[in-house]
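For the sequence shown, numbering that gives the first Met the number 0 assigns the number 0 to the initial residue and increments by one for each residue that follows.
A virtual CB, placed ideally from N, CA and C, is assigned to each residue, including glycine.
From a predicted model like this one, the values you see are computed outputs, not experimental measurements.
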Amino acid sequence: MGGTRPRTGRDWKLLAETCGALLERLPELVEEYLRRLGAHSTAYGRVIPYDQHWQEAEEALRIGIESIRAPRDSPRRDLEHAERLGRRRAQQGLPLELLVHAYREAGRLVWETLLETAAAQTSERMEVVMRSGTMVWSAVDEQTDLLSEAYRATELELRRRTDERLRALLDALLDGQCAPELTSRAAAGLDMPEHGRYAVVVLRLARREGREPFHRLIRDPGMRIVWRMRADCEVGIVALSEGAGLDALAGLLDGHCLGPGGISPVVEGLAELGWARQLAELALRTCPRGETGVMRFDRRMPAALVVGRPDLAARLVAEVFGELLAQDPADRAVLLETLEAWLDCEGSAGRAAGRLYCHRNTVFNRLRRLEQLTGRALSRPRDLTEMTLALDAHMLTSTGGAPGS
0 MGGTRPRTGR
10 DWKLLAETCG
20 ALLERLPELV
30 EEYLRRLGAH
40 STAYGRVIPY
50 DQHWQEAEEA
60 LRIGIESIRA
70 PRDSPRRDLE
80 HAERLGRRRA
90 QQGLPLELLV
100 HAYREAGRLV
110 WETLLETAAA
120 QTSERMEVVM
130 RSGTMVWSAV
140 DEQTDLLSEA
150 YRATELELRR
160 RTDERLRALL
170 DALLDGQCAP
180 ELTSRAAAGL
190 DMPEHGRYAV
200 VVLRLARREG
210 REPFHRLIRD
220 PGMRIVWRMR
230 ADCEVGIVAL
240 SEGAGLDALA
250 GLLDGHCLGP
260 GGISPVVEGL
270 AELGWARQLA
280 ELALRTCPRG
290 ETGVMRFDRR
300 MPAALVVGRP
310 DLAARLVAEV
320 FGELLAQDPA
330 DRAVLLETLE
340 AWLDCEGSAG
350 RAAGRLYCHR
360 NTVFNRLRRL
370 EQLTGRALSR
380 PRDLTEMTLA
390 LDAHMLTSTG
400 GAPGS
């Protein structure tokens with residue numbers, strides 16, 4: 000051990016002889032040491048197999064005792080051992096406070112036995128041992144500090160590796176890999192059921208300088224959300240309880256999301272998360288530019304069909320709105336705005352007029368003008384479907400493409 004060595008050769012010889020007597024009693028000391036640890040906490044026995052613990056305790060006590068009697072310039076084997084043991088116990092999962100207690104208990108046992116052995120011999124030997132007290136306890140403090148530092152560094156590295164493995168598992172699931180061994184490992188690593196009710200949320204978030212990350216704001220006893228940050232969005236895997244559904248999830252997100260988002264339908268297990276992510280991203284792409292709502296796929300399916308095939312969407316707009324798009328931009332905008340208001344108001348010209356601040360007859364006139372330009376009648380279901388899809392396609396693509404495309 001480090002610290003101040005005995006000042007004279009005789010002092011060192013007496014201390015070395017006393018330590019030698021301790022080494023002869025080493026098996027007895029190990030048994031007493033393990034008994035004390037077991038009385039303090041049963042966790043030692045649960046984490047470390049007894050035979051392994053006995054051998055490690057014997058090595059630690061022997062190195063500690065030999066370090067007390069070692070010459071001043073000897074290598075610090077006690078510190079090397081403390082660093083190794085700190086790493087090993089972190090890997091085994093023994094709590095740090097129990098590791099520190101174990102090391103201090105070893106120091107206490109060695110010191111008590113040194114005093115007991117010296118007291119049974121001569122007063123001179125007892126005085127030498129007493130003078131070595133500062134050295135012994137300084138060494139114990141050094142060992143404890145070093146093993147704590149090694150423990151924490153190892154714990155951080157293990158946590159980093161665990162996080163990397165979990166991120167890799169999440170990415171594999173979200174990318175559609177669904178092998179049974181993958182889903183079972185992900186369920187164990189994430190502590191989530193392999194089979195259960197899940198949804199996926201995809202959020203494209205604005206910068207939040209100096210503010211708490213979005214995912215830390217989400218709290219609800221009916222669901223658990225595991226977040227995965229990707230290059231341009233944040234993806235949440237949502238485990239839903241039996242009493243929670245998409246309405247609750249959408250309500251939870253509403254008001255917290257600073258950018259557009261998409262919510263998938265409910266799927267029935269981790270193996271379906273890749274499909275759910277695709278649908279959530281498709282829902283996100285149905286959010287018009289400039290808006291910040293969270294779109295549910297189950298309520299945006301027509302628009303999702305449109306943005307899912309941009310080439311067909313462009314053809315649909317050209318087929319349905321070709322002549323309309325050739326009109327004066329201001330007139331075209333008024334007609335499309337009127338159609339959108341009329342659809343949002345469930346075909347009520349009176350309600351649409353209130354929204355547009357015009358007379359209901361004006362709404363009728365504009366709708367008739369639309370029918371003339373498109374060659375379609377809003378009273379015919381098939382024509383109405385085409386007009387609705389074409390309007391969605393035009394709104395989502397007229398500014399340079401749907402979000403996320």
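If you draw a 10 Å sphere on the C-beta of Glu-271, you find 16 or more other C-beta atoms in it, and that means buried. Here Leu-33 has His-52, Trp-53, Ala-56 as same chain residues with Cβ atoms under 7 Å from its own Cβ, once five neighbours each way along the sequence are excluded. Counting along the chain, the unbroken alpha helix (DSSP H) around Arg-359 starts and ends at 359-373. The beta carbon of Arg-164 sits closer than 7 Å to the beta carbons of Gly-188 from its chain, once the five residues preceding and following it are set aside; these are given in chain order. Cβ-Cβ distances below 7 Å link Gly-349 to Arg-359 in the same chain, with the five nearest sequence neighbours on each side left out; the list follows chain order.
Contact between Glu-290 and Pro-259 is confirmed by a C-beta separation of about 6 Å, below the 8 Å threshold.
With fewer than 16 other CB atoms across the displayed protein chains lying within 10 angstroms of its CB, Glu-322 is exposed. The region 8-50 contains, as complete alpha helix (DSSP H) runs of 4+ residues, the segments 8-23, 25-39, 42-46 (chain order). Judged by DSSP in its simplified three-state form, Val-333 adopts helix. For Met-125, the enclosing alpha helix (DSSP H) has its first and last residue at 122-130. For Gly-307, the enclosing alpha helix (DSSP H) begins and ends at 300-307. The beta-bridge partner set that DSSP reports for Ala-198 consists of Val-237.
The DSSP-derived three-state label of Met-191 is coil.
The distance from the Cβ of Ile-64 to that of Val-135 is about 10 Å, inconsistent with a contact at the 8 Å cut-off.
Tyr-197 is positioned such that its CB atom lies no closer than 8 Å to that of Ala-247. Annotation for Gly-37: Tyr-43, Gly-44 place their beta carbon closer than 8 Å to its own, counting only its chain and skipping 5 residues before and after. Beta-bridge annotation (DSSP): Ile-262 is paired with Val-200, Arg-295.
Between the region 358-374 and the region 309-323, the count of Cβ pairs shorter than 8 Å is three or higher; the stretches touch. Residue state for Arg-164 is assigned as helix, using DSSP reduced to three classes. Secondary-structure assignment with DSSP links Val-225 through a beta bridge to Ile-236. Restricting attention to Gly-242, Ile-62, Arg-83, the CA atom closest to the CA of Ser-73 is found in Ile-62. Assigned with DSSP and collapsed to three states, Arg-284 falls in helix.
Membership of Asp-246 in the alpha helix (DSSP H) is indicated by the continuous run 245-252. Taking the C-beta atoms as reference points, Leu-168 is found no nearer than 8 Å to Arg-151. Annotated as proximal: Thr-153 and Gly-85, with beta-carbon spacing under 8 Å.
For Leu-245, the closest C-alpha among the options Val-234, Val-200, Arg-284 is that of Val-200. By the CB criterion at 8 Å, Asp-231 and Arg-203 fall inside the cutoff. Distance from the Cα of Ala-312 is smallest, within the candidate group Ala-89, Thr-396, Ala-105, for Thr-396.
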